[in-house]
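Residue numbers (my numbering): 545 to 812. Just so you know, even glycine gets a beta-carbon here, dropped at the ideal spot from N, CA and C.
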Ligand SMILES: Nc1ncnc2c1ncn2[C@@H]1O[C@H](COP(=O)(O)OP(=O)(O)O)[C@@H](O)[C@H]1O
Ligand SMILES: [Mg+2]
């Protein structure tokens, strides 16, 4: 049984993202090679594989932090037109990042401002999409702290005073408050204790389903992929070696490498 919502009722016919032949080399070193896939509206895609298999490279290309060596990523704007991300101007890409996308980092310090208040961390994202009214910013921050299970009386505290799990929940609130359509996550539960991970995963699963978000989640943890994703890409040495519906890939892996991953034989 999968933890993710039944996709058949969410998926539309047209992809939100089309990834075509993405290759990224760091000098001579291969980051990823010839990766192609689509992401549909409301779909959660997990990218799994051992450390060094190219997961973060791929995610950083998708989110335009890195330019690919070759290949193309096309994205469907809110007006339905399909645009090639690396043919857009830097300014246009920044607007997309602010308005349409979220990025949840493994290390909350990368995605939060650690010494400004929790409320400001959430409010700032809304200001970036044009909200200026103090009362509405405060109300939205209050609402989002509740949604990520942070007590209302912590709104004026800075995240550096928060536990790891709280920081990660705050990072999620900051990313979702502005109503993105696509969220990238790199090992969102990576640095956390197992008990804290379970709560965070449950929260993520609920939010992603309630908001009908599309997400690309990089994880080396197959339990995370099982719980959150509809589809899986398995990467090895920069290449996608297997892909399919999450349950099918995890319950009946075709590639012998995936069989080893599933059997936890490999050190990931
Ligand atoms: N900035 C970089 N410079 C050179 N090589 C890199 C850099 N980032 C990643 N790599 C290499 O690219 C490959 C894929 O790395 P990465 O995408 O970080 O994998 P993963 O996220 O699956 O652990 C690895 O061989 C790694 O050493
Ligand atoms: Mg990585």
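Checklist line | Minimum C-alpha distance to residue 740 - residue among 767, 707, 716 | finding: Residue numbering aside, residue 740 sits at position 196 when the chain shown is read from its first letter. Ranking the options by Cα distance to residue 740, first place goes to 707.
Note to self: Nearest by alpha-carbon distance to residue 703: which of 726, 734, 665 is it?
What the structure shows: As a position in the chain shown, residue 703 is number 159, starting the count at 1. Nearest option by C-alpha distance: 665.
Checklist line | Those residues which DSSP pairs with residue 679 across a bridge | finding: Within the chain shown, residue 679 is the residue found at index 135, counting from 1. The partner list for residue 679 (beta bridge, DSSP) is empty, contrary to what the question assumes.
Check: Just how far apart, CA to CA, sit residue 792 and residue 777?
Finding: Stepping through the chain shown from its first residue, residue 792 is reached at position 248. Stepping through the chain shown from its first residue, residue 777 is reached at position 233. If I take the Cα positions, the gap works out to 12 Å.
Item checked: Option nearest residue 611 by Cα separation, candidates 570, 623, 622 -> Counting from 1 along the chain shown, the entry for residue 611 is found at position 67. It is 570.
Margin query: Run through the DSSP bridge pairs and tell me what residue 568 is partnered with.
Written below: On the chain shown, residue 568 is found 24 positions in, with the first residue counted as 1. Secondary-structure assignment with DSSP links residue 568 through a beta bridge to 576.
Item checked: Outcome for residue 585 when other beta-carbon atoms lying within 10 angstroms are tallied against a minimum of 16 -> As a first step, residue 585 is located in the chain shown; it is residue number 41 there, counting from the start. Classification for residue 585: buried.
Checklist line | Buried versus exposed call for residue 802 [16 or more other C-beta atoms within 10 Å across all chains shown] | finding: Within the chain shown, the letter at position 258 stands for residue 802. Residue 802 should be labelled buried.
Notebook entry, point to check: Should residue 605 be listed as close to ligand 2, given that the test is whether its C-beta is under 8 Å from any heavy atom?
Noted result: For this step, residue 605 is matched to residue 61 along the chain shown. Not under cutoff, so the answer is no.
Next item on the list: Measure the alpha-carbon distance for residue 805 versus residue 593 and round it to whole angstroms.
Entry: Translated into the one-based positions of the chain shown, residue 805 becomes position 261. Translated into the one-based positions of the chain shown, residue 593 becomes position 49. Computed Cα separation, rounded: 8 Å.
Check: Since residue 648 contacts residue 699 with CB under 8 Å, what's their CB separation in whole angstroms?
Finding: Residue mapping note: residue 648 aligns to position 104 of the chain shown, counting from 1. Residue mapping note: residue 699 aligns to position 155 of the chain shown, counting from 1. Actually they are not in contact, since the Cβ atoms of residue 648 and residue 699 sit about 21 Å apart, beyond 8 Å.
Check: CB residue 636 to CB residue 562, shorter than 9 Å?
Finding: As a first step, residue 636 must be located in the chain shown, where it is residue number 92. As a first step, residue 562 must be located in the chain shown, where it is residue number 18. Taking 9 Å as the Cβ cut-off, residue 636 and residue 562 do not qualify as a contacting pair.
Notebook entry, point to check: In chain order, what residues of the same chain have a beta carbon less than 6 Å from the beta carbon of residue 655, not counting five sequence neighbours either side?
Noted result: As a first step, residue 655 must be located in the chain shown, where it is residue number 111. Sequence-distant partners of residue 655 (beyond 5 residues in either direction) whose C-beta falls short of 6 Å from its own C-beta, in its chain, are 649, 715.
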